[in-house]
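A.B. asks: Chains as they are written, first to last, in the numbering used here: chain A, 1 to 206; chain B, 207 to 412.
Glycine is no exception: its CB is placed at the ideal position from the N, C-alpha and C atoms.
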DNA sequence: GAGCGAAACGGGGTAAAGTCCGTTTCATCG
DNA sequence: CGATGAAACGGACTTTACCCCGTTTCGCTC
C-alpha cells in the first residue's frame with residue numbers, strides 16, 4: 001500500500017505561465033465580449049496558444065470559469081470556516097445559517113455571469129458551489145437541533161433553494177427579476193437574502 | 207387593431223404526421239440508447255426525414271423532450287387546477303402546497319431523464335416546469351396568509367428547492383443519491399417528498 | 001552542460017447543434 | 001380541376017466543444 005500523492009508533482013513553469021496568460025486573456029474577453037462569446041478557439045488564439053493547451057489546462061469550457069472563480073471561492077470558504085461570526089464558527093447555528101445564505105446570495109449574484117458559465121452542462125453536480133454549500137448547511141442544520149427528521153435531504157433542498165436562483169433559475173430573462181426588484185424597491189440580492197432568512201427563521205421556529 | 211389569431215392556422219397534415227413519426231422515433235431511441243445518445247441527425251435519419259424538419263418542428267434539442275413530456279404535463283396541471291383536493295382546489299392552501307410538492311417530486315423523478323433533457327441549456331428558465339410551479343406556489347403562499355414578507359420571492363426559492371433536485375442538482379452521479387436512499391431505507395422520492403413537507407410545515411408554523 | 005523521461009504543447013480532426021435557402025408539398029380558391 | 005401562395009422539407013454549411021497524438025519543452029541528474 002503506497003501513499004497516493006507524496007507530492008502533487010508541482011506544476012511546471014511553462015504550464016503555470018500559460019495558465020496565467022489564459023486566465024488573464026479570459027478575463028479580458030469576458031469584459032469586452034461577455035461570457036457567451038468566449039470560445040475555446042478564440043481564447044487560445046488570442047492568448048497565442050494552441051487549443052489543445054486550453055483543454056489540457058481546464059478540461060472543459062466551464063473549467064475556465066471555475067478557475068476564474070476559484071480564488072474568490074477560496075476566500076469565501078475561508079471566511080466561513082475560520083472567519084468571524086456569525087458567518088464563521090462560534091455563533092448560534094441558526095444565525096450562521098442565515099449569515100451563510102445571505103452572504104452566499106450576494107457572492108453568487110455579484111458573479112452571476114461567470115458563476116453561471118462555470119456550471120458544467122453534463123456530468124455531475126453544478127460543480128464548485130454546492131459541493132461546499134450542501135455539507136455546510138447540513139452540518140449547521142444538525143448542530144441547530146431543530147428536531148428535523150432528515151437534515152441531509154433538507155440540506156440538499158435548501159442548497160437548491162439558495163444556489164438555484166442565481167445559478168440556474170434566474171436565467172429567466174433578466175427583465176422579470178429586475179422588474180420585481182424595482183417594484184419592491186430593493187435589489188434582487190436583498191430580496192433573495194431576505195427570502196432565505198425568512199425560510200430559515202421559520203424552519204427554526206422563531 | 208386586429209385580432210391576433212383568429213385561428214391558430216391548423217397544422218398541416220404532413221407536418222402532423224411527421225411530428226408523430228419523430229416523437230415516436232425519439233421514444234424508441236431513448237428506450238434503447240438513453241437520452242444522451244439521441245442526436246438531431248440520428249433522429250432525423252432514423253425517422254427518414256431531413257434534419258431541417260426536426261428543427262422546424264421542435265426548435266431545439268430540448269424541445270423534443272419537452273414535447274415528449276407535454277401530454278403528461280398537461281394532465282398533471284389539470285389535476286392541480288381542477289382535480290380533487292388536496293392537490294386540486296378546495297383544500298387548505300398549506301395542504302395543497304404539501305400535496306403539490308409531493309406529487310411534483312414523484313412526477314419529476316419518474317421522468318427524470320427526459321425532464322432533465324428537456325431543460326434548455328441557454329436562454330430563459332428551465333422551461334416547462336417552473337413556469338407553472340412558481341406561480342402556483344406563489345398563489346398558495348398568498349392564500350395561506352402566513353404573514354410572509356415577500357411570498358413572490360419565496361415562491362421562487364421554493365420552486366428551486368422543489369424542482370432543482372430532480373432537474374439539476376441531482377445530476378450528481380446517481381450513486382450518491384441512491385446510497386443515501388438505501389441507508390435511509392426509503393426511496394429518493396419519499397425522502398424528497400418528506401423533506402418538502404417538513405419545509406412547508408415549518409414555514410406554516412405547524 | 002548533455003541526456004532523458006515525463007509533462008506540456010499545437011493544431012488538425014470529429015461530432016453534434018443550430019442556420020440557411022432553394023425545392024417540394026399542401027390547402028384553398030377560382 | 002389547376003393555379004397559387006404559404007408552409008414544410010431537406011441537406012449542405014457553420015460553429016463550437018472536445019479528442020488525439022506526433023512534437024517540443026521542461027526540470028532533473030550525472
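Any beta-carbon of chain B closer than 8 Å to the one on residue 82 of chain A?
C.D. replies: no
A.B. asks: If you follow the alpha helix (DSSP H) that residue 111 of chain A is in, where does it begin and where does it stop?
C.D. replies: Segment: none, residue 111 of chain A is in no alpha helix (DSSP H) and carries neither H nor E.
A.B. asks: Counting C-beta neighbours from all protein chains within 10 Å, is the total for residue 121 of chain A 16 or more, i.e. buried, or is it exposed?
C.D. replies: exposed
A.B. asks: For the alpha helix (DSSP H) containing residue 153 of chain A, name the first residue and the last one.
C.D. replies: 151-167
A.B. asks: According to the Cβ coordinates, are residue 417 of chain B and residue 191 of chain A closer than 8 Å?
C.D. replies: What is shown of chain B runs 207 to 412, which leaves residue 417 of chain B out entirely.
A.B. asks: Using a C-beta cutoff of 8 Å, does residue 371 of chain B count as contacting chain A?
C.D. replies: Interface residue (Cβ-Cβ distance to chain A less than 8 Å): residue 371 of chain B is classified as such.
A.B. asks: Taking contact to mean 3 or more Cβ pairs, one atom from each stretch, closer than 8 Å, check whether the stretch 360-379 of chain B and the stretch 162-171 of chain A are in contact.
C.D. replies: Short answer: they touch.
A.B. asks: Beta-carbon within less than 7 Å of residue 276 of chain B's beta-carbon, same chain only, minus the 5 sequence neighbours each way: which residues are those?
C.D. replies: none
A.B. asks: Using a beta-carbon distance below 8 Å, is residue 408 of chain B in contact with chain A?
C.D. replies: yes
A.B. asks: Measure the beta-carbon distance from residue 119 of chain A to residue 62 of chain A and round it to whole angstroms, keeping in mind my assumption that it falls under 8 Å.
C.D. replies: 6 Å
A.B. asks: Under a three-way DSSP split, which group does residue 122 of chain A fall into?
C.D. replies: coil
A.B. asks: Start and end of the alpha helix (DSSP H) containing residue 13 of chain A?
C.D. replies: 13-33
A.B. asks: Taking only beta-carbon atoms, is residue 375 of chain B less than 8 Å away from chain A?
C.D. replies: Contact with chain A is found for residue 375 of chain B, since one of that chain's Cβ atoms lies less than 8 Å from the residue's Cβ.
A.B. asks: If the criterion is Cβ atoms closer than 8 Å, does the pair residue 340 of chain B and residue 375 of chain B meet it?
C.D. replies: no
A.B. asks: Here's the rule I'm using: 16 or more other beta-carbon atoms within 10 Å means buried, otherwise exposed. How should residue 144 of chain A be labelled?
C.D. replies: buried
A.B. asks: Can you give the beta carbon distance from residue 111 of chain A to residue 193 of chain A, rounded, assuming they're within the 8 Å contact cut?
C.D. replies: The pair is not a contact, with the Cβ atoms about 15 Å apart (cut-off 8 Å).
A.B. asks: Comparing C-alpha positions only, which one of A/186, A/188 and A/153 sits nearest to residue 404 of chain B?
C.D. replies: If we check each option's Cα against that of residue 404 of chain B, A/153 comes out closest.
A.B. asks: Taking a cut of 7 Å between CB atoms, which residues from the stretch 103-122 of chain A lie near chain B?
C.D. replies: Going along the stretch 103-122 of chain A in chain order, one finds 121 with a Cβ nearer than 7 Å to chain B.
A.B. asks: Closest to residue 46 of chain A by C-alpha separation, out of A/27, A/100 and A/56, would be which residue?
C.D. replies: A/27
A.B. asks: Are the C-beta atoms of residue 130 of chain A and some chain B residue less than 8 Å apart?
C.D. replies: yes
A.B. asks: Would you kindly work out how many angstroms separate the C-alpha atoms of residue 86 of chain A and residue 76 of chain A, rounded to a whole number?
C.D. replies: Taken atom to atom, the span from the alpha-carbon of residue 86 of chain A to that of residue 76 of chain A is near 14 Å.
A.B. asks: Give a yes or no on whether the C-beta atoms belonging to residue 312 of chain B and residue 256 of chain B are separated by under 8 Å.
C.D. replies: no
A.B. asks: Have a look at A/25, A/30 and A/147 and flag the residue whose alpha-carbon is nearest the alpha-carbon of residue 117 of chain A.
C.D. replies: The option with the nearest alpha carbon to residue 117 of chain A is A/30.
A.B. asks: Which of helix, strand or coil does DSSP assign to residue 205 of chain A?
C.D. replies: coil
A.B. asks: Quick check on the DSSP output: what are the complete alpha helix (DSSP H) runs of length 4 or more inside the stretch 34-74 of chain A, in order along the chain?
C.D. replies: 40-47 and 51-58
A.B. asks: Measuring only between beta-carbons, confirm whether residue 92 of chain A sits less than 8 Å from chain B.
C.D. replies: At least 8 Å separates the CB of residue 92 of chain A from every CB of chain B.
A.B. asks: How big is the Cα-Cα spacing for residue 42 of chain A and residue 73 of chain A?
C.D. replies: 26 Å
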